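Chains as they are written, first to last, in this note's numbering: chain A, 1 to 394; chain B, 395 to 974.
Idealized CB from N, CA, C, for every residue including glycine.
Given the structure is predicted, the values throughout are model-derived calculations rather than measurements.
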Amino acid sequence: MKRVFVMVVLVSALFVSLFAAEMGKLTIWCSEAQVSILQKLGDEFESLYGIPVNVQQVTFGDIRSKFLTAAPAGEGPDIIVGAHDWVGELAANGLLLPLDYFTGQKRANYLESALKGFEYGGKLYGLPYGSEAIALIYNKELVPVPPSTMEELIAIAKELTDGELRGFVFNAGDFYMAAPFLFTAGGYVFKETAQGLDPNDIGLANEGAVLGGNLIKRLYDEGIMMPGDNYQIMDSLFKDGLAGMIINGPWAILDIQSAGIDYGVAVIPSIAGKKAKPFIGVQGFMISSKSPNHIFALEFLANFIDQKEVMYKLYLADPRIPTRADVLALVQDQPDVVAFAGSAANGTPMPNIPAMNSVWSAMAGALTQIINNLLTPEQALQEAVDKIVLALAQ
Amino acid sequence: MLFLRKTGFWILLILANALLLWSSILMFDSSMEGLALSLIFLLFIVDFAFLHPKGYPYRYTLPALGLLLVLTVFPIYFTIKTAFTNYGTGHLLTRQQVIESLLKEYVTDENALPYDYRVFMRLENLHPTEDFLLLLERSDVFYLALKPSVKQRDSRGNVISASTSIVPFRNDQALIGDSTYTIIRSKQDPERILSVNMAGPTDARPYSFFFSFDDASTLPNQKYFISEVFAAYLEKADFLGPEEQVLRFGTRYGFRKLLESRKKYGLDTITVEQDGKVTQRVVFVNNLTNRPLEESDGFFYDTDKDGSRTIVGGYSSFVGLNNVFQMFTDSRLSIPFMKIFGWTLTWASLSVLFTFTVGLALALMLNNPRLKSRAFYRTLLIIPWAIPSFISVLVWRHGFFNETYGFINKFIVSGLMGLEPIRWLNNDFWAKVSCLIVNTWLGFPYMMTVSLGALQSIPYTFYEAASIDGAGRGLRFRKITLPLLMTSIAPLLVGSFAFNFNNFVGIYLLTNGGPEMPNSITNAGSTDILISYTYKLAFEGSRGQNFGYASAITLFIFLLVIAISSVNFKLSGTFEEVNR
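In structure tokens form, the structure reads like this:
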């Protein structure tokens, strides 16, 4: 018994000391794809400056929550690799260091949309290395030429849909997937201002958003989309060659390739004459404000990670759309990346402010009501906006 | 042998004491007082059990007690404590931590010119030492900075604050204290500085040029400089200038250059009039605008001249009963509350009823001695219990209840019966039916197993006597089986009710609470039970996470479950048999 007990205490003590941030030593939390690259860079850093760099692999989904518990206690890593939509929560809790050095030419090297993702309250909190956005993926055997407008898409889809075979499927109940429909003609989540996003100005029930809502409803009314369609169904239909066109992100490509589908990637067709505007997700490096090693962490970010070759290596290890313009130029021979990049170029970063929490659930509710014809798109979207306003008024 | 055992006993006990004490100190250090106190409490119990003669029996309960403290008592304590605070997004740090980090914030002027520097070091047998000085340079003016003196170290011995002053050179000479420092330049190239000579009353040795970022020939010294000198002395140092300016290594140039910086916030005492009384208060003042920070609701606000406020830091603070008041005044909670509460009760009682009925029926069948290969059937029927519910719920959701492709609609409803497809998960009524079907599927094997055990404990002689008296099958079931079964099963039914009352996974995985209640102003769904609704409210429904509010609601649900369960226990007369 005593042995068990001693073990428990030992393990808890070990836990505390393992995660302690140490002065004069950099700790980085990242996911599997970046470990070897960062460790190599870290060894280089140590040989130049004598400051050891310890790269720890943490499951991507755990980095945020572990960081949130560890950092306030003065523990945890100096640098984390994560998604831009964590920034709001982390910065609101005062756990991230603004990257002041990132000005002038250094900033100009990067795509503005990727940088915007990491901004909160007018300050930049992360160095982006890759981004992603959804696009139209089509089966070349069924759809030889991808549609460029939504009207064309509807026409092609109607012609193809026949029994088991479906012309166009997407996960309309998910706000992330439905966003291009709502945003393209003028909808937005929160208004962008110079001080950051304004949670009091919600554009999810404006004219443009309602137009998009009606378009989604039309897809169901005309029998192109079926009730019960969801991500899994879309994915498996396409991999079985039973769907002509879907909307999905770069993460789906590997599976589609191994399913042996002759696919192509194109930008999402335009709506009301405007280029489709999907959500963008950006990945990047952030520095803990509770780190005792700010200056070394900054040096590592500014002069080791922020290099063309390193960013290219990060792309090879984790093939997202490069956010550094000169790295993006290196991958122009990859048609999929180019197509996804084209889609992202017109996109808008998912809002990173904590208020976004209430938007996801309210919008999922509104989309369900539109899809199931319980309310008109106007009513459903207005109701969602009312809910968001109420949730934020707390 | 005895001696060895005694020594071993004492060594282990001392070790356990030391470890417990040490970890509780660590916990205190990282401000986890609750856990630290529980550990100290545990320490007392451990010592009591092993040292006090009367404590002997407690040795065997120690593992249970330890786990009870860490896994049950501590979480309950923590929940209650959190319920009275505003702990959550924006309020994670303690007030002390926020104050410390505000005092560490520095601002620099956008256009300020940075200072370059070179390092001069005294060498001993050609080896570098830690005796060094810096030569700062800006716009062709040189300044001297001696090795900073350490003012404060943290518990790990790291320097957290240090300072030194900078003195400008005049004609390559600078005076600090009694010592004169002279710049020695190369004769061939006066631009090159070879060393700085020090001439003092006691000590006069030169500092030779050691390192500069602009001089590639000193690159071999970089590693030593950064890891031994910069990290140890310079990183957190203030360089105090003659005109009260402060130079620091900041986040703009890293360790390459120094920049004039100012503390963004300083402390000041102001006089405030409150309720007619004049008091002195210490407040933060923004050094740029000279305005004090306002503090309310667990936030520090910085106000600009138009009076608009920005949050500069938030901390977790005691809010008393605010969370409880909010629970009753929050229209988002109170309006759909009755609907959801009603469904929670229906859901929990129907779940118990269905699982018990199905389970008992199957148990009666399996208990029949004339049934062949009973073990095989029993194994089959336990399978739903053995499969993790995470998997089977998802199979039900996607495989069976999908409107177009689901098994039930595709093959049975439209296929066999040729009816309109049922909107399983998108219609309030059918969504509730789906929830109950899935929960019955998941729950009946448990009821079957416990009923089977209870059935086997009923003596066969009772039935024989009853049939001799002419009782039929139904009568025997009602008069013998059911009452005898109930004495042992009823507590389990009450337990099952309490479990289903809070069966978060069953609802959240299957329907996520949906479909949305139409015309509702909250994210309440028709199949939401209290726990899933409060989860949504606390974690998905507002600005980030609100642990304080969630804890208050949890306590409320806890009280509800206690009340309902105690009424249930009373009504069903459970435990009476045991007490008698």
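Handout entry: Every unbroken alpha helix (DSSP H) inside the stretch 53–109 of chain A [4 residues or more]
Key = 60–70, 87–92, 105–108
Practice task
Could you give the DSSP three-state label for B/I577: helix, strand or coil?
Solution key: Counting from one through the second sequence, the residue named residue 577 of chain B turns up at place 183. DSSP places B/I577 in strand when its eight states are reduced to three.
Problem - Selection from B/P877, B/F748, B/D822 that minimises the alpha carbon distance to B/L849 - result: Here residue 849 of chain B refers to the residue found at position 455 when the second sequence is read from its first residue. When only C-alpha atoms are compared, the closest one is B/P877.
Exercise for the section: Kindly give me the distance between the Cβ atoms of A/A172 and A/L381, rounded to whole angstroms, as I take these residues to be in contact under 8 Å. Expected result: Here the question's residue 172 of chain A lines up with position 172 in the first sequence. Here the question's residue 381 of chain A lines up with position 381 in the first sequence. A/A172 to A/L381, Cβ: 14 Å. No contact.
Problem - Rounded C-alpha distance that separates B/I802 from A/Y110 - result: Here residue 802 of chain B refers to the residue found at position 408 when the second sequence is read from its first residue. Here residue 110 of chain A refers to the residue found at position 110 when the first sequence is read from its first residue. Rounded to whole angstroms, B/I802 to A/Y110 spans 52 Å at the Cα level.
Practice task
Under 7 Å Cβ to Cβ from B/L651, same chain only, skipping five residues before and after it: list those, please.
Solution key: As a first step, residue 651 of chain B is located in the second sequence; it is residue number 257 there, counting from the start. Note that residue 651 of chain B corresponds to Lys in the displayed sequence, not to Leu. These residues qualify, in order along the chain: P508, Y509, D510.
Exercise for the section: Would you kindly report the start and end of the unbroken beta strand (DSSP E) that includes B/T663? Expected result: For the purposes of this step, residue 663 of chain B is taken as residue 269 along the second sequence, with counting starting at 1. 659–668 is the span of the beta strand (DSSP E), which, as asked, contains B/T663.
Handout entry: Neighbourhood of A/F60 by C-beta distance below 7 Å, restricted to the same chain and skipping five residues each side
Key = Here the question's residue 60 of chain A lines up with position 60 in the first sequence. Correct list, in chain order: S31.
Exercise for the section: Quick one: list the residues of chain B neighbouring A/E89, beta-carbon separation under 9 Å, in chain order. Expected result: Mapped onto the first sequence, residue 89 of chain A falls at position 89. Residues of chain B passing the Cβ test: T483, G484, G938, Q939.
Exercise for the section: Take B/L775 and list the residues in its own chain whose beta-carbon comes closer than 7 Å to its own, dropping the five residues that flank it on each side. Expected result: Taking the first residue of the second sequence as 1, we reach residue 775 of chain B at position 381. For B/L775, where only same-chain residues beyond five positions count, the Cβ hits under 7 Å are L756, P839, M842.
Exercise for the section: Kindly identify the DSSP beta-bridge partner or partners of B/N591. Expected result: Locating residue 591 of chain B in the second sequence gives position 197, where the first residue counts as 1. Paired residue(s): B/T576, B/P600.
Handout entry: Residue-level contact to chain A via CB, B/W404, 8 Å cutoff
Key = Your numbering for residue 404 of chain B matches position 10 in the second sequence. So no, B/W404 is outside the interface.
Exercise for the section: For A/E222, decide whether its Cβ has a neighbour in chain B, counting only Cβ atoms nearer than 8 Å. Expected result: As a position in the first sequence, residue 222 of chain A is number 222, starting the count at 1. False, the Cβ-Cβ gap to chain B never drops below 8 Å.
Handout entry: A/K2 (DSSP reduced to helix, strand or coil)
Key = Within the first sequence, numbered from 1, the residue matching residue 2 of chain A stands at position 2. Note that A/K2 scores a pLDDT of 47, beneath 50, so its modelled location is shaky and nothing firm can be said.
Problem - Per-residue DSSP class, three states only, for B/R764 - result: Numbered from 1 along the second sequence, position 370 holds the residue referred to as residue 764 of chain B. Here B/R764 sits in coil by DSSP.
Practice task
Answer yes or no: does any C-beta atom of chain B fall closer than 8 Å to that of A/I233?
Solution key: The residue labelled residue 233 of chain A in the question sits at position 233 within the first sequence. Judged by the 8 Å Cβ criterion, A/I233 is in contact with chain B.
Practice task
List the endpoints of the continuous beta strand (DSSP E) containing A/N139.
Solution key: By one-based count along the first sequence, residue 139 of chain A stands at place 139. Start and end: 135–139.
Exercise for the section: Have a look at A/V389 and A/E46 and give me their C-alpha separation to the nearest angstrom. Expected result: Taking the first sequence and counting its residues from 1, one reaches residue 389 of chain A at position 389. Taking the first sequence and counting its residues from 1, one reaches residue 46 of chain A at position 46. Each residue's alpha carbon lies about 50 Å from the other.
Handout entry: Cβ pair B/L788, B/L903 closer than 8 Å
Key = Your numbering for residue 788 of chain B matches position 394 in the second sequence. Your numbering for residue 903 of chain B matches position 509 in the second sequence. Yes.
Problem - A/A91 vs A/Q283 beta-carbon contact at 8 Å - result: Locating residue 91 of chain A in the first sequence gives position 91, counting from the first residue. Locating residue 283 of chain A in the first sequence gives position 283, counting from the first residue. No. Outside cutoff.
Handout entry: CB contact below 8 Å: B/Q491 versus chain A
Key = The residue given as residue 491 of chain B occupies position 97 in the second sequence. Judged by the 8 Å Cβ criterion, B/Q491 is in contact with chain A.
Problem - Under 7 Å from the C-beta of A/S65: neighbouring residues of chain B - result: By 1-based counting over the first sequence, the position of residue 65 of chain A is 65. Simply none; closest approach about 10 Å.
Handout entry: Start and end residues, beta strand (DSSP E) containing A/I224
Key = The sequence position of residue 224 of chain A within the first sequence is 224, counting from 1. Unbroken run through A/I224: none, as it is neither H nor E.
Practice task
Please decide whether B/F649 counts as near chain A, where near means a Cβ-Cβ distance under 8 Å.
Solution key: As a first step, residue 649 of chain B is located in the second sequence; it is residue number 255 there, counting from the start. So yes, B/F649 belongs to the interface.
Practice task
Put B/V553 into one of helix, strand or coil per three-state DSSP.
Solution key: Looking up residue 553 of chain B in the second sequence gives position 159. B/V553 falls in the strand class under three-state DSSP.
Exercise for the section: Please determine, among B/F442, B/L462, B/L463, the residue with the shortest C-alpha to C-alpha distance to B/R453. Expected result: Within the second sequence, residue 453 of chain B is the residue found at index 59, counting from 1. Of the candidates B/F442, B/L462, B/L463, the one whose C-alpha sits nearest the C-alpha of B/R453 is B/F442.
Problem - Contact set between the stretch 775–796 of chain B and chain A, restricted to residues whose Cβ is under 8 Å from the partner - result: H792, N796
Problem - Continuous alpha helix (DSSP H) stretch holding A/V327: start and end - result: The residue labelled residue 327 of chain A in the question sits at position 327 within the first sequence. Its alpha helix (DSSP H) spans residues 325–330.
Exercise for the section: Check each candidate in B/S417, B/W404, B/I474 and name the one with the smallest Cα separation from B/F950. Expected result: If you number the second sequence from 1, residue 950 of chain B lands on position 556. Nearest C-alpha to B/F950: B/I474.
Problem - Other residues of its chain near B/S368: CB distance less than 6 Å, five sequence neighbours each side excluded - result: The displayed coordinates of chain B run from 395 to 974. Any statement about residue 368 of chain B would go beyond what the structure contains.
Practice task
Tell me, to the nearest whole angstrom, how far the beta carbon of A/G121 is from that of A/Q195; I am working on the premise that it is less than 8 Å.
Solution key: Within the first sequence, residue 121 of chain A is the residue found at index 121, counting from 1. Within the first sequence, residue 195 of chain A is the residue found at index 195, counting from 1. That pair is a contact at about 6 Å.
Exercise for the section: Ignoring anything shorter than 3 residues or poking outside the stretch 224–304 of chain A, list the beta strand (DSSP E) runs there in chain order. Expected result: 243–248, 263–266, 279–287
Practice task
With 9 Å as the limit, tell me which residues of the stretch 294–307 of chain A have their beta carbon closer than that to any beta carbon of chain B; keep them in chain order.
Solution key: H294, I295, F296, L298, E299, A302, N303
Practice task
Output the distance between the C-alpha atoms of B/T488 and A/L41, rounded to the nearest integer angstrom.
Solution key: On the second sequence, position 94 is the one that residue 488 of chain B refers to. On the first sequence, position 41 is the one that residue 41 of chain A refers to. When rounded, the distance between both Cα atoms is 36 Å.
Problem - Coil, strand or helix - B/S692 by DSSP - result: Working through the second sequence from its first residue, we reach residue 692 of chain B at position 298. Per the sequence shown, residue 692 of chain B should be read as Gly rather than Ser. Of the three classes helix, strand and coil, the one that applies to B/G692 here is coil, per DSSP.
Practice task
Look at the Cβ atom of A/Y315, then the Cβ atom of A/G126, and state whether they are nearer than 8 Å.
Solution key: In the first sequence, residue 315 of chain A corresponds to position 315, counting from 1. In the first sequence, residue 126 of chain A corresponds to position 126, counting from 1. Not a contact, by the Cβ cut-off of 8 Å.
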